[in-house]
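Okay, so the sequence shown: first residue is 1 according to this note's numbering, each after it adds one.
For each residue, glycine too, the CB sits at the ideal point set by N, CA and C.
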Amino acid sequence: MKSKLLSLLAAAAFCAPFAAQEIDVYVSVKWVLNSAGNRPLGLWDNEAAVQSAIEQTNQYAERMGRGYRYVVIEMENVSHAPTSSWQYFDLYFDEFKLLESTAKANAAAYFWRTNAVNIYIVNSCDNSGGLAAIPSASSCSGSQEEIVVFKVGMTPELLWPHELGHHFSMIHTFDDDGCADTKFDPELSCVADFSCTTGGNLECCCSTKLTLLNAQNYSATDKNNLLYNVMSYYGANDCVGPIQPPHDWSSILMTSDQLDRWSDATRKYCQLNGEVSGYTYFVDKTFGGTSTGYSTSPYKTVQSGYQVASASPGNILNLRPGNYAETLTFTAPVTLRASRGNATIGQ
Ligand SMILES: [Zn+2]
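Now the structure itself:
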């Protein structure tokens with residue numbers, strides 16, 4: 001499903017000077033220094049390279065058309081005091097959440113932020129290119145479910161949006177990702193029987209998993225929703241080549257359901273609330289249940305959504321397709337967006 005930017009015929013009167021609100025996602029990047037006080041060396045060992053990775057990620061975000069963009073608020077070095085931070089220079093899996101708890105307990109030295117995504121760049125990362133905690137409902141109590149870690153030397157261009165996807169509750173397409181428009185992904189078979197010897201567990205059996213995917217007899221859309229999905233592993237190790245032109249496909253990167261889940265996560269999980277400058281609220285005139293504004297429980301009228309979304313600046317109201325026969329007066333700035341088809345108001 002190609003994201004359709006707003007196609008809306010509302011007679012809305014915006015009183016603010018901006019009409020195309022972006023939601024900023026704040027990012028705080030930290031290098032973990034070794035015991036000699038040096039940064040890990042690799043592709044992302046300097047400010048310009050990190051900024052470039054963020055800009056690339058923003059190009060993906062822009063193509064997905066939901067109005068989100070990453071903004072780097074700082075880039076810092078983490079060195080020894082008050083704890084031996086250099087032990088995380090080479091990060092083992094069992095230290096992943098430990099780094100988060102240590103950073104929270106020593107927020108000043110580790111530059112741990114509650115108003116930004118905390119990204120730590122390390123020398124090695126337990127044979128992974130990156131690790132990110134997927135939030136859960138219980139994590140507001142202080143459990144460790146927020147940190148994002150990147151290995152300094154990894155090259156896959158999709159690593160940044162992939163790990164940041166996890167951070168905003170995205171699950172691999174080959175697991176139960178909670179999204180109806182990503183069908184069963186046979187990459188799962190590679191997990192079960194990855195007899196690969198090079199390239200890592202899922203990445204190395206490209207031909208096998210592409211054969212398995214083709215055997216599903218999916219429609220082109222269903223197939224490509226997996227093949228070109230940032231939360232699948234088909235894009236890794238050149239199974240399908242870099243997920244960008246000329247390999248383009250209109251539904252690449254994330255599906256509509258994934259993007260909705262991403263937006264919902266920023267509201268749903270308190271540890272993510274401060275990392276964004278605004279939220280997306282959903283409206284669907286056909287919804288019959290109790291409305292809370294999530295994609296799964298949208299408001300039923302633009303008016304009811306607007307009342308909530310306009311209470312603070314910087315929010316987006318995402319309308320499901322259809323005509324909303326309402327007469328509205330907007331007195332506060334809200335961006336209206338329609339991501340699944342045309343929405344009209346007042347006809
Ligand atoms: Zn992953």
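Does the Cβ of H167 lie closer than 7 Å to at least one heavy atom of ligand 1?
no
Environment of A133 [buried if 16+ CB atoms lie within 10 Å]:
buried
Indicate the three-state DSSP secondary structure (helix, strand or coil) for A19 in the structure shown.
Note that A19 scores a pLDDT of 40, beneath 50, so its modelled location is shaky and nothing firm can be said.
For H172, is the beta carbon positioned less than 7 Å from some heavy atom of ligand 1?
yes
Would you report the Cα separation of Q145 and S124, rounded to the nearest angstrom?
The displayed chain sequence assigns Glu, not Gln, to residue 145. For E145 and S124, the distance between alpha carbons rounds to 20 Å.
Identify the continuous beta strand (DSSP E) that holds R381 and give its terminal residues.
Here the chain covers residues 1 to 347 and nothing more, so residue 381 does not appear.
Among Q56, T280, V149 and A107, which one has its Cα closest to the Cα of F96?
V149
Helix, strand or coil at T57 according to DSSP, with G and I counted as helix
helix
Considering Y281, what are the terminal residues of the beta strand (DSSP E) in which it resides?
T280 to V283
Rounded to the nearest angstrom, how far is the Cβ of G278 from that of M231, given a contact under 8 Å?
Not confirmed; about 24 Å, so no contact.
Burial state of L253, where buried means 16 or more other Cβ atoms lie within 10 Å:
buried
Would you say the beta carbon of H162 is closer than 7 Å to some non-hydrogen atom of ligand 1?
yes
Excluding sequence positions up to five away, which residues of its chain have a Cβ less than 8 Å from the Cβ of N273?
T266 and R267
Check whether the segment 67–76 touches the segment 85–94, counting contact only when three or more Cβ pairs, one atom from each stretch, lie closer than 8 Å.
no
Thinking C-beta only, is T335 closer than 8 Å to I316?
yes
Spell out the partners DSSP gives G130 in its beta bridges.
F150
K209, DSSP secondary structure in three states
helix
Between L159 and the rest of its own chain, which residues show a CB-CB distance below 8 Å, the 5 nearest in sequence each way excluded?
G129, G130 and F150
First and last residue of the uninterrupted beta strand (DSSP E) at N34
Looking at the DSSP string, N34 is not in any beta strand (DSSP E), and its letter there is neither H nor E.
DSSP state of D193, grouped into three classes?
Reliability fails at D193, whose pLDDT of 45 lies under 50, so the model's placement of it is uncertain and no value is given.
Report the rounded CA-to-CA distance for R63 versus V283, giving the unit in angstroms.
22 Å
Quick one: what's L91 bridged to in DSSP?
C125
Could you spell out the range, first to last residue, of the beta strand (DSSP E) harbouring L317?
I316 to L319
Starting from the Cα of N34, find the closest Cα among D177, A311, A81 and Q271 and give me that residue.
A81
Might you give, ordered along the chain, the residues of its own chain that have their beta carbon closer than 6 Å to the beta carbon of D257, omitting 5 neighbours on each side?
C179, A180 and D181
Alpha helix (DSSP H) containing Y110: first to last residue?
A107 to Y110
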